[in-house]
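Engineer: First, the structure itself, so that you have it in front of you.
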Amino acid sequence: MPVARPESSDARIIAHVDMDCFYVQVEQRKQPELRGLPTAVVQYNEWKGGALIAVGYEARKFGVNRHMRGHEAKEACPQINLVQVPVARGKADLSTYRNAGSEVVSILSRKGRCERASIDEVYLDLTDAAKAMLAENPPERLEAVDEDALKSHILGLKNEIGSDAKANVREWLCRSDADHRDKLLACGALIVAELRMQVLKETEFTCSAGVAHNKMLAKLASAMNKPAQQTVVPFSSVKGLLESLPVKKMKQLGGKLGTSLQNELGVNTIGDLLKFSEDKLQELYGVNTG
DNA sequence: CATGGGTGGTTA
DNA sequence: TAACCACC
Ligand SMILES: Nc1ccn([C@H]2C[C@H](O)[C@@H](COP(=O)(O)OP(=O)(O)OP(=O)(O)O)O2)c(=O)n1
Ligand SMILES: [Mg+2]
Ligand SMILES: [Mg+2]
C-alpha cells in the first residue's frame with residue numbers, strides 16, 4: 004500500500020511527538036545526579052572513547068554532536084559525562100531505550116490512534132478527540148487555558164514587538180471566528196499539551212511535538228522548537244512554509260534523492276519542487292518515489 | 001582490518 | 001529476494 008494517496012478532504016488533526024535527546028534522558032532518569040549536567044550516551048569505549056549516539060542539550064551548547072568520538076567530545080567539553088550503552092553478548096543492547104519508548108507510547112495512546120514511528124517518536128491521529136472537544140468543551144468557552152498550551156508556537160502568528168506572546172497564543176487558541184480547521188488544530192494543541200504534561204509526570208521525560216493536518220507537516224513542526232516545546236501549523240501558513248523550505252529538510256529527501264533533485268533538476272526548495280507535475284516526477288523517479 | 005545497531009520502505 | 005535507501 005505504498006502509493007501516495009491524495010489528502011483526504013476532511014481535515015485530520017495529526018500530532019508528531021519526538022522525545023528530547025532521548026537516550027540521554029533515559030540515563031539521567033537512572034542517574035539523577037546527571038540531570039542538568041552536560042551528558043552524552045556513548046557506544047563502546049575502547050576505540051577513541053566510543054561513538055556518541057545521543058547528546059544532551061547542555062552538552063550541545065559546547066558544540067558536542069552525534070558522530071563525535073568520546074575523546075573529541077571531551078575536548079569540546081571537558082566536564083561532559085559519558086554514559087555507556089549497556090552491552091549484552093558482546094553487542095550494544097538498546098532494549099532499555101526501547102522499553103522506555105514503550106512507556107511513552109502507552110500514555111500517548113490514551114487520546115487517539117497511535118503509530119510508533121521510531122524508538123523515540125510517535126504519530127497521533129487526534130481528529131476524533133479534537134472534534135469531540137470542539138463540540139463539548141470548545142477553547143473559546145475556556146476561562147483559563149493550560150499554561151503549557153500557551154507556550155505553543157503558532158506558525159504565521161504575528162508577534163508584534165512589545166506584545167505578549169502568551170496573550171497572542173491564547174487569542175489564537177480561543178478565537179470564536181476562526182477557520183474550522185484552525186479550531187480543530189487549537190483543540191489538538193490543547194490535547195497534546197495535556198499529553199506531554201502527562202508523559203512528564205509519569206515518565207520524567209520531556210518531549211516536543213508538532214500539530215498539523217498531516218504527518219509530513221507534523222513531523223516538520225515537531226523539530227522546529229526543541230526541547231520541551233510544541234509547534235502548530237495552521238492551514239493558512241502551509242504555502243508560505245513550504246515555499247521556502249529547503250528540499251533536504253523534508254522527510255525522505257534528506258539523502259541521495261534530495262541531492263538528485265538539487266543537482267539534476269535545480270530544485271532547492273519545496274516551492275521549486277511543486278513546479279513539477281506529479282506525472283513528470285513519476286516519469287523521472289518511478290511511480291512511488293515520484 | 002576497520003570500527004554502530006536497528007527498523008522500514010523501494011527497486012529491479 | 002537482495003541490494004539499496006532513508007531514518008532514528
Ligand atoms: N543515528 C542515530 C540517531 C539516533 N539514535 C538514537 C539515539 C537518540 O537518542 C534516539 C532518538 O533520535 P533523535 O534523532 O530523535 O535524537 P534525540 O532524541 O537524541 O535528540 P532530539 O532532542 O534532537 O530529538 O535514537 C541512534 O542511535 N542513531
Ligand atoms: Mg528525539
Ligand atoms: Mg526522533
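Take 4 as the starting number for the first sequence in the numbering used here and just add one per residue.
Heads up, the beta-carbon is just placed ideally off N, CA and C, and yes, glycines get one too.
Please read these numbers as outputs of a predicted model, since none were measured by experiment.
1) Quick one: grab the DSSP three-state call for Gly289.
2) Which of helix, strand or coil does DSSP assign to Met219?
3) Rounded to whole angstroms, what's the CA-CA distance from Val195 to Asp151? Just pull it up for me.
4) Determine which residues share a DSSP beta bridge with Leu55 and list them.
5) Once the 5 residues before and after Arg101 are set aside, which same chain residues still bring their CB inside 8 Å of it?
6) Please confirm whether any heavy atom of ligand 2 lies closer than 7 Å to the CB of Met227.
7) In angstroms with no decimal places, state the Cα-to-Cα distance between Gln285 and Asn217.
8) Which residue's Cα is closest to the Cα of Ala79: Ala62, Arg113, Cys117 and Ser109?
9) Looking at the unbroken beta strand (DSSP E) that takes in Gln233, where does it start and where does it end?
10) Go through the residues and name those whose CB comes closer than 6 Å to any heavy atom of ligand 3, in chain order.
11) So, are the CB atoms of Glu237 and Leu188 less than 8 Å apart?
12) For Gly165, does the count of other Cβ atoms within 10 angstroms reach 16, so buried, or fall short, so exposed?
13) Given a threshold of 16 other Cβ atoms within 10 Å of its Cβ, counted over all protein chains shown, does His19 qualify as buried or as exposed?
14) Assuming Ala231 and Asp23 make a contact with CB atoms under 8 Å, what is their CB distance in whole Å?
15) Taking the alpha helix (DSSP H) that Leu111 falls in, what are its first and last residues?
16) Three-state secondary structure (DSSP) at Met136?
17) Can you give me the C-alpha to C-alpha distance between Gly261 and Glu146, rounded to a whole angstrom?
18) Given 8 Å as the limit, is there contact between the stretch 44-51 and the stretch 72-92, that is, 3 or more CB pairs closer than that?
19) Spatial neighbours of Ser225 within its chain, please: C-beta separation below 6 Å, excluding the five flanking residues on both sides.
20) Exposed or buried, Ala7, counting other C-beta atoms within 10 Å across all chains shown (16 or more means buried)?
21) Hey, would you say Ser155 sits closer than 8 Å to Gln233, going by beta carbons?
22) Val241 and Leu220: beta carbons closer than 8 Å?
23) First and last residue of the beta strand (DSSP E) that includes Asn1?
Structural biologist: This is what the structure holds:
1) Stepping through the first sequence from its first residue, residue 289 is reached at position 286. Gly289 falls in the coil class under three-state DSSP.
2) Reading the first sequence from its first residue, position 216 is the one you call residue 219. Helix, per DSSP.
3) The sequence position of residue 195 within the first sequence is 192, counting from 1. The sequence position of residue 151 within the first sequence is 148, counting from 1. The straight-line gap from Cα to Cα measures roughly 10 Å.
4) Within the first sequence, residue 55 is the residue found at index 52, counting from 1. For Leu55, which the question treats as bridged, DSSP gives the partners Val45.
5) The sequence position of residue 101 within the first sequence is 98, counting from 1. Cβ within range, chain order: Ile122.
6) Here the question's residue 227 lines up with position 224 in the first sequence. No, ligand 2 has no heavy atom inside 7 Å of this Cβ.
7) Numbered from 1 along the first sequence, position 282 holds the residue referred to as residue 285. Numbered from 1 along the first sequence, position 214 holds the residue referred to as residue 217. Whole-angstrom Cα-Cα distance: 22 Å.
8) If you number the first sequence from 1, residue 79 lands on position 76. Nearest C-alpha to Ala79: Ala62.
9) Against the first sequence, residue 233 aligns to sequence position 230. First-last of the beta strand (DSSP E) with Gln233: Gln233 to Val235.
10) Asp21, Ser121, Asp123 and Glu124
11) Counted from its first residue, the first sequence places residue 237 at position 234. Counted from its first residue, the first sequence places residue 188 at position 185. At residue 237 the sequence reads Pro, which differs from the Glu that was named. Against a cut-off of 8 Å, the Cβ pair of Leu188 and Pro237 comes out as a contact.
12) In the first sequence, residue 165 corresponds to position 162, counting from 1. Exposed.
13) Position 16 of the first sequence holds residue 19. The residue is buried, with at least 16 neighbouring Cβ atoms inside 10 Å.
14) Walking along the first sequence from the start, residue 231 turns up at place 228. Walking along the first sequence from the start, residue 23 turns up at place 20. That pair is a contact at about 6 Å.
15) On the first sequence, position 108 is the one that residue 111 refers to. Where Leu111 is concerned, the enclosing alpha helix (DSSP H) stretches over Ser98 to Leu111.
16) Counting from one through the first sequence, the residue named residue 136 turns up at place 133. In this structure, Met136 counts as helix in the three-state DSSP scheme.
17) Here residue 261 refers to the residue found at position 258 when the first sequence is read from its first residue. Here residue 146 refers to the residue found at position 143 when the first sequence is read from its first residue. Straight-line Cα distance between these residues: approximately 47 Å.
18) yes
19) One-based indexing of the first sequence puts residue 225 at position 222. Excluding residues within five positions, the ones whose Cβ falls inside 6 Å are His19, Asp21, Ser211, Ala212 and Gly213.
20) Within the first sequence, numbered from 1, the residue matching residue 7 stands at position 4. Burial call: exposed.
21) Position 152 of the first sequence holds residue 155. Position 230 of the first sequence holds residue 233. It is a contact, given that the beta carbons lie within the stated cut-off.
22) Locating residue 241 in the first sequence gives position 238, where the first residue counts as 1. Locating residue 220 in the first sequence gives position 217, where the first residue counts as 1. Yes; because the gap between Cβ atoms is below 8 Å, this pair is in contact.
23) Because residue 1 is not part of the residues shown, which for the chain are 4 to 293, the question remains open.
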